[in-house]
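Enquirer: Can you read through this structure? Questions will come right after.
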Amino acid sequence: MLLLGVVLVSASGYYSAYELHKRLMASDDFVAMHTAMMRGDFKAAEKYHETLDFECPMHDLVKEGDVSLEDFQVMHEWMMSGRFPKEKPAQLSEAAWEFHKSHHPEIYK
Numbered sequence: 009m010l011l012l013g014v015v016l017v018s019a020s021g022y023y024s025a026y027e028l029h030k031r032l033m034a035s036d037d038f039v040a041m042h043t044a045m046m047r048g049d050f051k052a053a054e055k056y057h058e059t060l061d062f063e064c065p066m067h068d069l070v071k072e073g074d075v076s077l078e079d080f081q082v083m084h085e086w087m088m089s090g091r092f093p094k095e096k097p098a099q100l101s102e103a104a105w106e107f108h109k110s111h112h113p114e115i116y117k
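Numbering (the working numbering), first residue to last: 9 to 117.
Structure (structure tokens):
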């Protein structure tokens, strides 16, 4: 996302969600996937995930109702800007905040 904040493991180490987002933007399918994802159309987004070999655990949390689409969109903005809050914003759910912190341990030590 977030992108919401997702850290993926690769052979060379960790990629932050921000770095992953920049890398994926080079793909032709990325814009279509991103647009579907931000609309909350996770079925369409998942089709592109397969093509891009990309998975986002946040999608499952939103689909299952553990995190709202609004929280997902807020965290995505953090990822896009690279500016992460030091404390939980009042409007963000506890589940979303805990997920975010767990995927950015380097920021929230």
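Each residue gets a CB set at the ideal place from its N, CA and C atoms; glycine is no exception. The model shown is predicted, which means the values in this text are computed figures rather than measured ones.
Work out the CA separation of residue 49 and residue 93 for me, nearest whole Å.
Expert: Here residue 93 corresponds to residue number 85 of the sequence shown, with the count starting at 1. Here residue 49 corresponds to residue number 41 of the sequence shown, with the count starting at 1. Approximately 27 angstroms between the Cα atoms of the pair.
Enquirer: For residue 110, does the three-state DSSP call read helix, strand or coil?
Expert: Here residue 110 is taken as the residue at index 102 of the sequence shown, counted from 1. If DSSP states are grouped into helix, strand and coil, residue 110 belongs with the helices.
Enquirer: Any idea if residue 114 is buried or exposed, counting beta-carbon neighbours within 10 angstroms, 16 or more meaning buried?
Expert: By 1-based counting over the sequence shown, the position of residue 114 is 106. By the neighbour-count rule (16 or more Cβ atoms within 10 Å), residue 114 is not buried but exposed.
Enquirer: Consider the Cβ of residue 56: report whether some Cβ of chain D lies at a distance smaller than 7 angstroms.
Expert: The structure shown contains no chain D, having only a single protein chain.
Enquirer: Excluding the 5 residues preceding and the 5 following residue 82 in the sequence, name in chain order all residues of the same chain whose CB lies nearer than 7 angstroms to its CB.
Expert: Working through the sequence shown from its first residue, we reach residue 82 at position 74. Same-chain partners within the cutoff: 100.
Enquirer: Only counting the same chain, and skipping five residues up and downstream in sequence, which positions put a Cβ closer than 7 angstroms to that of residue 78?
Expert: Translated into the one-based positions of the sequence shown, residue 78 becomes position 70. Excluding positions up to five away in sequence, the list is empty.
Enquirer: Keeping to the same chain, check which residues put their C-beta closer than 6 angstroms to that of residue 74; ignore five residues upstream and five downstream.
Expert: In the sequence shown, counting from the first residue as 1, residue 74 sits at position 66. Within the same chain, residue 74 has close Cβ partners 103.
Enquirer: Using the Cα positions of residue 84 and residue 111, report the straight-line distance between them to the nearest angstrom.
Expert: Position 76 of the sequence shown holds residue 84. Position 103 of the sequence shown holds residue 111. Approximately 13 angstroms, taken between the alpha carbons.
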